[in-house]
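Student: I am attaching a structure below and will ask some questions about it afterwards.
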Ligand code: M6R
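Put into structure tokens, the structure is as follows:
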């Protein structure tokens, strides 16, 4: 999705902004642009295509301004083009705006502004914003000059009684115009805005769209997410919906929706800046796959030891509350939803609590039977996924307690939820989620153990499971040794049109995730099925030479999956098998053996060969692994 960056300080803004945009490239985009305040007014440079194209734009090297905003656009309204790229100016070139999100009532506002003489150069929803701000800015000016003649007018006057916390010298008129424009906007937005009359200030505001503010020394930064500015600062402010920040070089002031001054504290983020670099790997995806031993260590942290109960500092669930629950709902999208499916297995088996898992975009519109006897868990790596956040808000309205599982401290979902726990996987840059998935699986299983222990359901099974979780980092290291073998199989099948994934029990969940990974980055059509469903239809698709991947880690189900695979082999399929079971390997084309572990967490190991499989296929096809076509890392619109 779109990415935004902002800088105000004493250095040249342009290189800092472009550098920030490069770090946001992974989010997916089709055009890019920057805007700075120069001696002679606001400059805007933008173009279709990659961020690095900005360096070729005439005049870019002459930009001297030390305040600026920047954007990578992922087209929603209007095709990818220079005209539609951000930043957008108002007709008088007083305001420059970048925007993430969607303005739902832009047609209505465009008509209103057109009726008031404003012209539009792009097809975007965003272009109404600088013009609307300009409309209120000029109206305010007119109203205040008439107010000084006739003190009776108060509706839009700049007399300060309504904004008692705004002092002279604050960019009061600018702020008030932005606020009034925001009052008219329906939809989601993270907005950065410059005003040529206030060359030492920048205003930002957000609603349902991500934005972080980085505090520096004599300089401040804005970005859509933390990794973009992590090399400049580790201290961040997070805005809630409809809070405004006015940035100057040495100061940041925060205002609520009534323009009352509010206090905010910084949060320190302990991610290492180098964790957002490739560090010698060809791609972020490969690096992140190899980071999994460590990311899982971080996820486990000090939550338990072999002989101590699980503890979450952030949680305080009582036995009575958990006993009173009718149901747990787990809601998420994509890979995070697949992690949720492993959670269902754990909550039902270890805690005996019925659990439903839903795709957020469906859940929010299906009138779910949620009430105060439901615990609703939301999983999101980014913490900014629009559908997941909307589902969370819905559950709160229905009186349920909400718990967020995220990788990003301070992300929107964690600020909305009653409770938040973190995967601590470190920044995940590649669009295809790998280390975040395995961390989510581990964290949700630990959460299930924690609930089971509170409920007094500790058992030998749980003791063994805890030991197995603690051994996971070492076992992931062992699993990663399959890389060459997987690469060899990938070379054999990378030109296939369809690849099928089969499994039973938790292996079926891994089949889903393996299939998603393959689609995402290799563009090969792929389906996953519970192996037992094969005969109910999908087997009709199996023909000579088709590739089928089978996952077999559940001891009591392995024989059944073997016979399902025999059925596809009989029909000419090539087979890749991922297993930790003792099976007759001779019938399969390739068998990847992974370490044995507890079934509750076996997806953490069995997904690794499949992550590598999709990675090597995409590499064989010469594709951009980190930034697959049409996809965005963080899906901040519906
Ligand atoms: O940030 P989130 O975890 O909420 O993102 C959810 C999905 O968009 C995400 O998992 C997506 O499916 C990944 N690209 C999968 O690799």
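Residue numbers (our numbering): 102 to 739. The C-beta atom is built at its ideal place from N, Cα and C for all residues, glycine as well. Just so you know, these numbers come straight off a predicted model, no measurement behind them.
Can you have a look at residue 226 and say buried or exposed, based on whether 16 or more other CB atoms are within 10 angstroms of its CB?
Tutor: Its Cβ being crowded by 16 or more others within 10 Å, residue 226 is buried.
Student: Say the cut is 7 Å; is the CB of residue 400 nearer than that to a heavy atom of the ligand M6R?
Tutor: Checking the Cβ of residue 400 against the ligand M6R gives no.
Student: Taking all protein chains shown into account, do 16 or more other C-beta atoms lie within 10 angstroms of the C-beta of residue 185, making it buried, or fewer, making it exposed?
Tutor: Answer is buried; the Cβ neighbour count reaches 16.
Student: Which residues in the same chain as residue 655 place their Cβ atom closer than 7 Å to its Cβ, once the five residues preceding and following it in sequence are excluded?
Tutor: For residue 655, where only same-chain residues beyond five positions count, the Cβ hits under 7 Å are 605, 606, 607, 608, 700.
Student: Bridge partners of residue 274, per DSSP?
Tutor: Answer by DSSP bridge pairing: none, since residue 274 is not bridged.
Student: I'd like to confirm the pairing. Which residues does DSSP put opposite residue 200 in its beta bridges?
Tutor: Paired residue(s): 292.
Student: For the region 516-575, list the beta strand (DSSP E) runs that are entirely contained and at least 3 residues long, ordered along the chain.
Tutor: DSSP runs (the beta strand (DSSP E)) wholly in the region 516-575: 520-523.
Student: In the DSSP assignment, find the beta strand (DSSP E) that holds residue 694 and state where it starts and stops.
Tutor: Counting along the chain, the beta strand (DSSP E) containing residue 694 begins and ends at 691-694.
Student: Would you call residue 723 buried or exposed, if buried means 16 or more other Cβ atoms sit within 10 Å of its Cβ?
Tutor: Residue 723 should be labelled exposed.
Student: Within 10 angstroms of the Cβ of residue 446, are there 16 or more other Cβ atoms? Answer buried if so, exposed if not.
Tutor: Buried is the call here.
Student: Count the other CB atoms, across all protein chains shown, that sit within 10 Å of the CB of residue 147; report buried if there are 16 or more and exposed otherwise.
Tutor: Classification of residue 147: buried, given that the 10 Å Cβ count is 16 or more.
Student: Give every residue of the same chain whose Cβ lies closer than 7 Å to the Cβ of residue 255, excluding the five residues on either side of it in the sequence, and list them in chain order.
Tutor: Note that residue 255 scores a pLDDT of 36, beneath 50, so its modelled location is shaky and nothing firm can be said.
Student: I'd like the ranges of any beta strand (DSSP E) spanning at least 3 consecutive residues and lying wholly in the region 138-204.
Tutor: Listed in chain order, they are 142-149, 168-174, 196-204.
Student: What are the start and end residues of the beta strand (DSSP E) that includes residue 356?
Tutor: It spans 353-356 - the beta strand (DSSP E) in which residue 356 sits, taken as one unbroken run.
Student: Note down, one range per segment and in chain order, each alpha helix (DSSP H) of at least 4 residues found wholly within the region 413-494.
Tutor: 420-424, 435-447, 461-464, all fully within the region 413-494.
Student: Write down the C-beta distance between residue 727 and residue 384 rounded to the nearest angstrom, noting that I regard them as a contact closer than 8 Å.
Tutor: Contact flag correct, Cβ pair sits at about 5 Å.
Student: With which residues is residue 368 paired in a DSSP beta bridge?
Tutor: Bridge partners of residue 368: 337.
Student: If you run the structure through DSSP and keep just helix, strand and coil, what is residue 376?
Tutor: Correct three-state label for residue 376: helix.
Student: Using a threshold of 7 Å, is the CB atom of residue 496 nearer than that to any non-hydrogen atom of the ligand M6R?
Tutor: Not under cutoff, so the answer is no.
Student: Assuming contact is defined by CB atoms lying nearer than 8 Å, are residue 158 and residue 113 in contact in what I supplied?
Tutor: Their beta carbons are not under 8 Å apart, which means residue 158 does not touch residue 113 by this criterion.
Student: For residue 106, report the span of its beta strand (DSSP E) as first-last.
Tutor: Note, residue 106: beta strand (DSSP E), 104-109.
Student: Using only CA atoms, which one of 386, 543, 494, 236 lies nearest to residue 437?
Tutor: Checked all of 386, 543, 494, 236; the closest Cα to residue 437 is 543.
Student: In whole angstroms, what is the alpha-carbon distance linking residue 260 and residue 141?
Tutor: Low per-residue confidence applies at residue 260: pLDDT is 39, beneath 50, and the placement is therefore not dependable, though the value from the model is reported in the following sentence. One C-alpha to the other measures close to 30 Å.
Student: Does the beta-carbon distance from residue 412 to residue 405 come in below 8 Å?
Tutor: Cβ atoms of residue 412 and residue 405: closer than 8 Å.
Student: Starting from the C-beta of residue 286, find all residues in its chain whose C-beta is less than 6 Å away, skip the five residues before and the five after it, and write them out in chain order.
Tutor: Correct list, in chain order: 204.
Student: Can residue 679 and residue 707 be called in contact, C-beta distance under 8 Å?
Tutor: In contact: residue 679 and residue 707 (Cβ atoms closer than 8 Å).
Student: For residue 631, report the span of its alpha helix (DSSP H) as first-last.
Tutor: First-last for residue 631: 626-631, but that is the beta strand (DSSP E), not the alpha helix (DSSP H).
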